[in-house]
Amino acid sequence: MTSVITLLTDYGLEDGYVAACHGVIVGISPESRIIDVCHLVPSGDVRRAAAILAQTIPYLPSGVHIAVVDPWGGSRRAVAVEAGSHVFLGPDNGVLSWAVHASGGAKAAYALANEDFFRKPVSPTFHGRDVFAPVAAHLAVGRGLAELGPEIPLERLVSLPAPTSLVREGVVEGEVLSVDRYGNTQLSVSAADLLTLGVRPGSTLVVWLGRRQISVPFRETFAAVPPGELVAFADSAGLVALAVNSGDASQRLGLPPGAHVRLSPAPSSG
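Plus 793 on top of the position in the sequence shown (first one is 1) and you've got the working numbering.
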């Protein structure tokens, strides 16, 4: 098993939680290279964590990837899921599901039940330190997945509903997938979806937000409009995002994750 271990949590950076996880890993596998994906996921936001991991995994090396975002406080079973050249560790609450799909789908899954791999005593509120970190380190030094616990039928893994995107009759329908720290509002609609409607950078979109309807320029970057202006662009994941240059689109538009949106080309003025 590769010695690369990545960490994605909602632990924040104000306390020593992330450092504790690093310390446990290095104590077992001193040669491991640890990559911090993100620790500023909004508390308990499983969808946001799932989106971050799925959109980052294509750029990460083969390794063991820990994702610990669990609003139920560790009550979900802990699992290891093998997909492609990766092993994902986390609570079985769907946080791993989009990244597993992005990696080609699950090949095998195991419950983390063998306490020989855990740090003891196991805190009921800090499985990142006492369960997932030591398990990842043991895998990095060569222990096998089948040693972790009983195999889980793949159909019994919890999966988040896939983000929706539907093109029909000159309109593409989708949802707010996530909102980043800048207030940029990422949609489940791809730039390719817009292209099927004839929308390219330089065009104008009509965006329906419930009963509201607004016109938004579609550009290559948010900097293509003056400060304070709303803009749509294809982000680094190839998805359409709504942004305000030097502002917060989520706050201005009042669009939380999961909100339904519709996009269409603006009518020709000619």
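All C-beta atoms in this analysis are idealised placements derived from N, C-alpha and C, irrespective of residue type, glycine included.
Model, not experiment: these values are computed from the prediction.
- Message: Contact between the region 893–904 and the region 861–881 is defined here as three or more beta-carbon pairs at a separation below 8 Å; is this criterion met?
- Response: yes
- Quick one, are the C-beta atoms of glycine 942 and asparagine 907 less than 9 Å apart? The residue you call residue 942 lines up with position 149 of the sequence shown. The residue you call residue 907 lines up with position 114 of the sequence shown. Yes.
- Task: Could you check which residue in Arg993, Tyr810, Val862, Glu944 has the C-alpha nearest to that of serine 1057?
- Result: Residue 1057 sits at position 264 when you count from the first residue of the sequence shown. Comparing alpha-carbon positions, the option among Arg993, Tyr810, Val862, Glu944 lying closest to serine 1057 turns out to be Arg993.
- Task: Work out the CA separation of serine 996 and alanine 1059 for me, nearest whole Å.
- Result: Residue mapping note: residue 1059 aligns to position 266 of the sequence shown, counting from 1. Residue mapping note: residue 996 aligns to position 203 of the sequence shown, counting from 1. Cα to Cα, the separation comes out at about 8 Å.
- Task: Measure the beta-carbon distance from serine 822 to alanine 930 and round it to whole angstroms, keeping in mind my assumption that it falls under 8 Å.
- Result: As a working mapping, residue 822 is identified with position 29 in the sequence shown. As a working mapping, residue 930 is identified with position 137 in the sequence shown. So it is a contact: roughly 4 Å between Cβ atoms.
- Task: Report yes if the CB atom of tryptophan 865 is closer than 9 Å to the CB atom of proline 884, and no otherwise.
- Result: Taking the sequence shown and counting its residues from 1, one reaches residue 865 at position 72. Taking the sequence shown and counting its residues from 1, one reaches residue 884 at position 91. Closer than 9 Å, so yes.
- Message: In chain order, what are the residue ranges of uninterrupted beta strand (DSSP E) at least 3 long that sit wholly in the region 845–898?
- Response: 857–861, 871–876, 879–884
- Task: Tell me phenylalanine 995's beta-bridge partners as DSSP assigns them.
- Result: Translated into positions along the sequence shown, residue 995 becomes position 202. In the sequence on display, residue 995 carries glycine and not phenylalanine. The partner list for glycine 995 (beta bridge, DSSP) is empty, contrary to what the question assumes.
- Task: Report the rounded CA-to-CA distance for leucine 980 versus leucine 947, giving the unit in angstroms.
- Result: Along the sequence shown, read from residue 1 onward, the residue named residue 980 stands at position 187. Along the sequence shown, read from residue 1 onward, the residue named residue 947 stands at position 154. Those two C-alpha atoms are separated by around 29 Å.
- Closer than 9 Å to chain D by CB, leucine 1046: Looking at the structure shown, chain D is missing, and only one protein chain is on hand.
- Item | beta strand (DSSP E) segment containing arginine 1005, residue limits | Mapped onto the sequence shown, residue 1005 falls at position 212. Residues 1005–1010.
- Item | 6 Å Cβ shell around arginine 936 - same chain, five flanking residues per side excluded | Counting from one through the sequence shown, the residue named residue 936 turns up at place 143. So the list is empty, once near-sequence residues are dropped.
- Task: Tell me, please, whether the region 794–808 touches the region 829–846 by the rule of three or more beta-carbon pairs shorter than 8 Å.
- Result: yes
- Query: Considering serine 1057, what are the terminal residues of the beta strand (DSSP E) in which it resides?
  - Reply: The residue labelled residue 1057 in the question sits at position 264 within the sequence shown. Looking at the DSSP string, the run of the beta strand (DSSP E) that includes serine 1057 is 1053–1058.
- May I ask you to report which of helix, strand or coil DSSP gives aspartate 909? Your numbering for residue 909 matches position 116 in the sequence shown. Of the three classes helix, strand and coil, the one that applies to aspartate 909 here is helix, per DSSP.
- Query: For leucine 889 versus alanine 843, is the C-beta distance shorter than 9 Å?
  - Reply: Along the sequence shown, read from residue 1 onward, the residue named residue 889 stands at position 96. Along the sequence shown, read from residue 1 onward, the residue named residue 843 stands at position 50. Yes, the Cβ-Cβ distance between leucine 889 and alanine 843 is below 9 Å.
- Residue from Leu988, Leu1035, Thr989, Asp1041 with nearest C-alpha to valine 1009: The residue given as residue 1009 occupies position 216 in the sequence shown. Of the candidates Leu988, Leu1035, Thr989, Asp1041, the one whose C-alpha sits nearest the C-alpha of valine 1009 is Leu1035.
- Using beta-carbon positions only, say whether aspartate 1041 and glycine 963 come within less than 9 Å of one another. Taking the first residue of the sequence shown as 1, we reach residue 1041 at position 248. Taking the first residue of the sequence shown as 1, we reach residue 963 at position 170. Not in contact: aspartate 1041 and glycine 963 (Cβ atoms no closer than 9 Å).
- Own chain, CB closer than 6 Å to tryptophan 1001, minus 5 neighbours either side, in chain order: Your numbering for residue 1001 matches position 208 in the sequence shown. If we look at tryptophan 1001 and ignore the five residues flanking it on each side, its Cβ neighbours are Arg1055.
- May I ask you to list the residues that DSSP assigns as paired with serine 958? For this step, residue 958 is matched to residue 165 along the sequence shown. According to DSSP, which records beta bridges pairwise, serine 958 is partnered with Gly967.
- Message: Quick check on DSSP: helix, strand or coil for threonine 1014?
- Response: Taking the first residue of the sequence shown as 1, we reach residue 1014 at position 221. In this structure, threonine 1014 counts as coil in the three-state DSSP scheme.
- Query: For aspartate 803, which of helix, strand or coil comes out of DSSP?
  - Reply: By one-based count along the sequence shown, residue 803 stands at place 10. In the three-state reduction of the DSSP assignment, aspartate 803 falls in the coil class, being assigned neither a helical nor a strand state.
- Query: If you follow the alpha helix (DSSP H) that arginine 745 is part of, which residue opens it and which one closes it?
  - Reply: This structure cannot settle anything about residue 745, because the visible part of the chain is limited to 794 through 1063.
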